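A.B. asks: So that we are looking at the same thing, I have put the structure below in structure tokens.
Residue numbers (this note's numbering): 7 to 161.
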């Protein structure tokens, strides 16, 4: 048996789009773009090898959390199952499309910080006790300084 779990780290190309199915299920669609960089041995410089745009779907509560927490340009890490579909275009040609049905997603901590809010579940209703805030780090390189206990969010 093969496992088609796929992990992707990249940036959201647009704000997530929320919609509802006819039976009332929340679905959120978004796209993650990722570019691989490789070292060119001839020039000793890094170069981009092309960008992959992965269409993604998050369902129900996960989709709602994505829509409330993530916006265009944020770097994220997501994983889920690849789904393939085939469709026929107006000209009669057949096309294949692949998307990621997201099982979990979060902000990348490489270039940002986040304040996490735990969701309290009460039956089918979920309540958010505080709003989630994600703040990008400054773009200028800074020397790594040890954190004091007051600065470390995990203490």
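In this text, a Cβ means the ideal position worked out from N, Cα and C, and glycines have one as well.
Quick caveat, the model's predicted, so the values are computed rather than measured.
Is residue 9 near the ligand ATP, going by C-beta to nearest heavy atom under 8 Å?
C.D. replies: No copy of the ligand ATP occurs in the structure displayed, which carries no ligand at all.
A.B. asks: To which residues of the same chain is residue 12 closer than 7 Å at the C-beta, ignoring the five residues directly before and after it?
C.D. replies: Taken in chain order, the residues that qualify are 85, 86, 88, 106.
A.B. asks: For residue 73, which residues in the same chain have their Cβ closer than 6 Å to its Cβ, ignoring the five residues on either side in sequence?
C.D. replies: Counting only Cβ-Cβ distances below 6 Å, and skipping sequence neighbours, we find 22, 24, 34.
A.B. asks: Using beta-carbon positions only, say whether residue 15 and residue 40 come within less than 9 Å of one another.
C.D. replies: Cβ atoms of residue 15 and residue 40: closer than 9 Å.
A.B. asks: What residues are listed by DSSP as bridge partners for residue 78?
C.D. replies: Bridge partners of residue 78: none, in fact.
A.B. asks: Do residue 37 and residue 55 count as a contact pair if the criterion is CB distance below 9 Å?
C.D. replies: Contact flag unset, no.
A.B. asks: Give the single residue among 83, 28, 45 whose Cα lies nearest to the Cα of residue 114.
C.D. replies: The shortest Cα separation from residue 114 among 83, 28, 45 belongs to 83.
A.B. asks: Would you mind reading off the limits of the beta strand (DSSP E) that contains residue 117?
C.D. replies: No beta strand (DSSP E) contains residue 117, which DSSP labels as neither H nor E.
A.B. asks: Looking only at its chain, what residues have a beta carbon closer than 6 Å to the beta carbon of residue 52, apart from the 5 residues adjacent to it on each side?
C.D. replies: Same-chain partners within the cutoff: 43, 45.
A.B. asks: Can you tell me where the beta strand (DSSP E) with residue 109 in it begins and where it stops?
C.D. replies: Per DSSP, residue 109 belongs to the beta strand (DSSP E) from 100-113.
A.B. asks: Tell me whether residue 103 is buried or exposed, calling it buried when 16 or more other Cβ atoms sit within 10 Å of its Cβ.
C.D. replies: Counting Cβ neighbours within 10 Å, residue 103 comes out exposed, since fewer than 16 surround it.
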